Structure formats: C-alpha cells, structure tokens
Amino acid sequence: MSIKIKLFASLAESLQRREATLDFTDGMTVGSAWAAISSDAALPASVLAAVNMGYCDFETALSDGDEVAYFPPVTGG
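Residues in the sequence shown are numbered from 964 upward in steps of one, following our numbering.
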C-alpha cells in the first residue's frame, strides 16, 4: 500500500529528488504527504497539487495507489 509522489521544477530542486514513494496510511491527505516527504518543511507559497492528474487542495484525502504531484504555478506568454 503506497502513494507515489512527483515533484516538479523548483520543488524538485529544493528537495533534491523528483519522485518518492510513501507508505499509505488511513487519513493521509495531500498536505500530510507533503509534510512526510519534506521533513515537515513549510509548504512554499503558491504551490499547486494534483491527485491522479486532477487539481486538488491540500485537504484532499488520499487512497492507496494514488499519484500526487506538487508543482509551482506555471506562467508563460
């Protein structure tokens, strides 16, 4: 039972990894998964998250096998 984590851009650089796997536990949320992979480091401002490729907030409950992605806002022109 696990959750796959993907990190992009500056988040991957600051945590020095692009992917991680966490053991799934009941009650796990997108926010608690961030705390687990970042050693409780504060979440940078404006970070976005997605579960299974759909945008979500940090209170979203996770299920076994979910894929969570964290990334900074994307801009362009």
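Even glycine gets a Cβ: it sits at the ideal position worked out from N, Cα and C. Keep in mind it's a predicted model, so treat the numbers as computed, not measured.
- Task: Tell me I966's beta-bridge partners as DSSP assigns them.
- Result: I966 is bridged to L985.
- Task: Reducing DSSP to helix, strand and coil, say where E976 ends up.
- Result: Looking at E976 - three-state DSSP - the assignment turns out to be helix.
- Task: Following the continuous beta strand (DSSP E) through A1012, name the residue where it begins and the one where it ends.
- Result: From DSSP, the beta strand (DSSP E) with A1012 extends over 1011–1014.
- In the structure shown, what three-state DSSP assignment does V1031 receive? V1031: strand per DSSP, three-state reduction.
- Query: Counting pairs of Cβ atoms below 8 Å between the segment 1022–1029 and the segment 1000–1007, do you hit three or more?
  - Reply: Contact fails: fewer than three Cβ-Cβ distances are below 8 Å.
- DSSP three-state assignment for G994, whether helix, strand or coil: Three-state result, G994: helix.
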